[in-house]
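K.L.:
Numbering (the working numbering), first residue to last: 1 to 449. Beta carbons: idealized from backbone N, C-alpha and C, even for Gly.
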Amino acid sequence: MFVHITVLGLGYVGAVAAAALARDGHHVLGVDVDPGKVDRFRQGEVPFHEPGLDDLVRDGVSSGRLRFALASEVESGQLGDLVLVAVGTPSRPTGAADLSQVEAAMAWVVERAGSSAGVAVAGGPGAPAVSTRPIVVMKSTVPPGTGRRLSRRFLEPVGLAYVSNPEFLREGSAVHDWFHPDRIVIGSESAEAAARVRALYEDYGAPVLVTDVTTAEMVKYGANAFLATKISFINELANMCDRVGADVEEVARGIGLDPRIGSQFLRAGLGYGGSCFPKDVAALDHLARVYDYPFELLRAVIAVNARQRLLPLYALREVFGSLAGVPVAVLGLAFKPNTDDVREAPALDLIPLLVEEGADVRAADPQAVERARAVLPADVKLTTSALEALDGARAVVLATEWDPFVHLDWEEAARRMEAPRYVFDGRNALDPARMEALGFRYRGVGRGR
Ligand code: UGA
1 MFVHITVLGL GYVGAVAAAA LARDGHHVLG VDVDPGKVDR FRQGEVPFHE
51 PGLDDLVRDG VSSGRLRFAL ASEVESGQLG DLVLVAVGTP SRPTGAADLS
101 QVEAAMAWVV ERAGSSAGVA VAGGPGAPAV STRPIVVMKS TVPPGTGRRL
151 SRRFLEPVGL AYVSNPEFLR EGSAVHDWFH PDRIVIGSES AEAAARVRAL
201 YEDYGAPVLV TDVTTAEMVK YGANAFLATK ISFINELANM CDRVGADVEE
251 VARGIGLDPR IGSQFLRAGL GYGGSCFPKD VAALDHLARV YDYPFELLRA
301 VIAVNARQRL LPLYALREVF GSLAGVPVAV LGLAFKPNTD DVREAPALDL
351 IPLLVEEGAD VRAADPQAVE RARAVLPADV KLTTSALEAL DGARAVVLAT
401 EWDPFVHLDW EEAARRMEAP RYVFDGRNAL DPARMEALGF RYRGVGRGR
C-alpha cells in the first residue's frame, strides 16, 4: 500500500530514504531547514556526492512523487502517514550525542501533526488518502533510552506513536544498501505502528527484527561499536605484525576464513573515520559513563583509532628526522573512497600535524577538495590530481584508497618524485613488491615492511 511520507533531514540517510521510497511508489515530501539544500533538491540535484542518488532524485522529482520543502513552509496537517526523522546527532565535546536537532524535529512534528480528522494534502492525481496522525519513525542514531524519553515528552501527550527504525546504510553505497538491506530493525511499543513501518520494507526480502524501542536503539550502537572494534583489533594485530615481522594481510585472510570471525572489516590501516563510527562509539562510551559502567573495551577501541591515524607522522619522523621543508604528498582527504565527506577523516588530523612540523604538504582527492579546504591550514596546496600533488614530493602518504590513486601511473609518479620516494601506504592498497621495483621505499601497516 502506498502512503504519504515526510522525511525530515536531507543528509545522506534522509535523502536516500526519501528518493528510494518515492521510487517504490510512495508520495514523499523531503524537508530540511537549509534553504540552499532544499533549492538544489527541488531542481533534481543532490548537494553532496552519493553514487546513484542523482538519478533516483531526478526520477522522483519528475514522477511528481518526490517533493521538497523548507521546514518552515510545511503546514499543519501536511505530514502524511509517517514522518521519518533523519536529522544529525553530532558529538558534544564530552562525547555525548547532541540531541538538539532531534528534539527540534519532535517539536516540529507535534506542532504540525493536527489533532483530529483534518485537512488532506493534495498529493497529485491518484495519490493515497492522507492520515493526520503520523507515526514518528526515528532513523537518526540516538543513544539507547532516547526514544522512550522523547516519546514520553513530545508524542504521548498528543497521542502520536514512535518507532525506532535504525539505518545501516554506508556512505558511498547508500542507494544500493537501501534496496538490499541485511536486516530491518523496528522498535516500537505499538504493534500497529510497527506493522505500518514494516510494510515499507515488505518487498526487500530482508529479515525483520521487531523489538522494543531501547533494544532497537542498542542494535544500532552495538553494530557500529562491534565493527569499530573489529577495525581497531586488526589494527592492533597489524602493529604487532610490524614488530614481529608478520604480514597482517595474510593474518586477516587466515583468521577471516573462520566463519565465526568473518573476512569483512579486517582491513588494517589508518583506522575508521566518517560521520558515524567515531561519533557513535564516543556516544556509547559516554552513555556507559552516565550509567557508571566502565566500558573498557570501547575505550581501547577509541584510543587505538586515535593513535592509528598518526602512524604516518611517526614513520616520516623516523625516515627524515626533521620534517622541516620536506615536501610530502597526502593522497586522500575523504574518510573513505567514493564520498566527499571529510568528517573525522584521518588525513585531516594528520595534515595539520605535518604542517606544524614544517613539512611542505600538498594533498589530492577526487571529490573532497572543496570540503577539506574549509578545515585545512591555508598553506596546504589542494588538487584533484595525484600526480600534481606528487610532483617534487619526497614522500607520499596514501590516506584513502580511492581507485584512481591505487591504480595511479606509479611509474610516472616515481619519475616525478624525489628520493627517497618514501611511500606510507595507510590502507595497504598498493603492491609492496611492485612499488619497491619502481624505486619507492615502501611502508604499509602491519605488512612487515
Ligand atoms: C558505517 C556503517 O558501515 C553503516 O552500516 C552505518 O549505517 C553507518 O556507519 C552509520 O552509522 O550511519 P560508513 O560510516 O559510511 O558506514 O562507512 P564504512 O564503510 O562502514 O567505513 C567506516 C570507516 O571504517 C572508514 O573510515 C573505513 O575506512 C574504515 N574501515 C572499514 C577500515 O579501516 N577497515 C575496514 O576493514 C573497514
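1) Specify whether the stretch 343-356 and the stretch 382-390 touch according to this definition: at least 3 beta carbon pairs, one from each stretch, less than 8 Å apart.
2) Are there 16 or more other CB atoms within 10 angstroms of the CB of A363, so buried, or fewer, so exposed?
3) DSSP state of A329, grouped into three classes?
4) So L200 and L21 are in contact, right, with Cβ under 8 Å, and what is the actual spacing, rounded?
5) Three-state secondary structure (DSSP) at D403?
6) If we ignore side chains and look at the alpha-carbon of each, how far apart do D365 and V326 end up?
7) Hey, A19 and G60 are a contact pair by Cβ (cut 8 Å); roughly how many whole angstroms apart?
8) Which of the three DSSP states, helix, strand or coil, is assigned to Y12?
9) Under DSSP, the alpha helix (DSSP H) around K230 begins and ends at which residues?
10) Taking C-beta to C-beta, are Y12 and A174 nearer than 8 Å?
11) Below 8 Å CB to CB, which residues in the same chain sit around L348 once its five sequence neighbours on both sides are set aside?
12) Pop quiz: A161 and V142 are said to be a contact at Cβ under 8 Å. What is the actual Cβ separation, rounded to whole angstroms?
13) When you measure from the CB of R170 to every non-hydrogen atom of the ligand UGA, does any distance come out below 7 Å?
14) Where L56 and E171 are concerned, what is the direct C-alpha to C-alpha distance, given to the nearest angstrom?
15) I'd like to check one pair, A71 with V33: are the Cβ atoms closer than 8 Å?
16) Among A395, Y291, D431 and E411, which one has its Cα closest to the Cα of V328?
17) Drop a sphere of 10 angstroms on the beta-carbon of L313, count the other beta-carbons inside from all chains shown, and report buried for 16 or more, exposed for fewer.
18) Quick check on DSSP: helix, strand or coil for K139?
19) Below 7 Å CB to CB, which residues in the same chain sit around A429 once its five sequence neighbours on both sides are set aside?
20) Suppose you measure from the CA of I5 to the CA of W108; what does that come to, to the nearest Å?
21) What's the C-alpha gap between I351 and A345?
22) Would you say the beta carbon of T229 is closer than 7 Å to some non-hydrogen atom of the ligand UGA?
23) Which of helix, strand or coil does DSSP assign to A300?
24) Given that a residue counts as buried once 16 or more other Cβ atoms are within 10 Å of its Cβ, and exposed if not, what is Q43?
25) Residues in its own chain within less than 6 Å of A228 by CB, not counting five upstream and five downstream?
26) Taking the continuous beta strand (DSSP E) assigned at I261, which residues delimit it?
27) Quick one: is the Cβ of R267 within less than 7 Å of any heavy atom of the ligand UGA?
28) For V454, is the classification buried or exposed, using 16 other Cβ atoms within 10 angstroms of its Cβ as the cut-off for buried?
29) Evaluate H49 with the Cβ neighbour count: other Cβ atoms within 10 Å of its Cβ, from every protein chain shown; 16 or more gives buried, anything less gives exposed.
30) Would you call T94 buried or exposed, if buried means 16 or more other Cβ atoms sit within 10 Å of its Cβ?
31) Output the boundary residues of the alpha helix (DSSP H) element that contains L66.
32) Exposed or buried, which one is M1 when buried takes at least 16 other CB atoms within 10 Å?
P.N.:
Let me spell this out:
1) Verdict: no, contact absent.
2) Residue burial annotation: A363 is buried, with at least 16 other C-beta atoms found within 10 angstroms of its C-beta.
3) Looking at A329 - three-state DSSP - the assignment turns out to be strand.
4) Indeed, because the Cβ distance is near 7 Å, the residues count as touching under 8 Å.
5) Helix, per DSSP.
6) Taking the straight line from one Cα to the other gives about 21 Å.
7) A19 to G60, Cβ: 5 Å. Contact.
8) The answer is helix: DSSP assigns Y12 an H, G or I state.
9) K230 -> alpha helix (DSSP H) spans V213 to V244.
10) Yes.
11) Same-chain partners within the cutoff: L333, V342, A372, V375 and L376.
12) 17 Å between Cβ atoms; not a contact.
13) The answer is yes for R170.
14) The straight-line gap from Cα to Cα measures roughly 16 Å.
15) Yes, they are a contact pair.
16) Closest by alpha carbon: A395.
17) Buried, because 16 or more other Cβ atoms sit within 10 Å of the Cβ of L313.
18) In the structure shown, K139 adopts coil according to DSSP, grouped into three states.
19) If we look at A429 and ignore the five residues flanking it on each side, its Cβ neighbours are L398, E401 and V406.
20) When rounded, the distance between both Cα atoms is 15 Å.
21) Looking at the two C-alpha atoms, the distance is approximately 10 Å.
22) No.
23) Shown here, A300 sits in a helix according to DSSP, grouped into three states.
24) Classification for Q43: exposed.
25) These residues qualify, in order along the chain: Y272, F277, V281 and V301.
26) Per DSSP, I261 belongs to no beta strand (DSSP E) and is neither H nor E.
27) Shortest gap from the CB of R267 to any heavy atom of the ligand UGA: under 7 Å.
28) Since the first residue of the chain shown is 1 and the last is 449, residue 454 is not available in this structure.
29) Flag for H49 reads buried.
30) T94 comes out exposed.
31) First-last for L66: L66 to L70, but that is the beta strand (DSSP E), not the alpha helix (DSSP H).
32) Around the C-beta of M1, fewer than 16 other C-beta atoms lie within 10 Å, and the residue is accordingly described as exposed.
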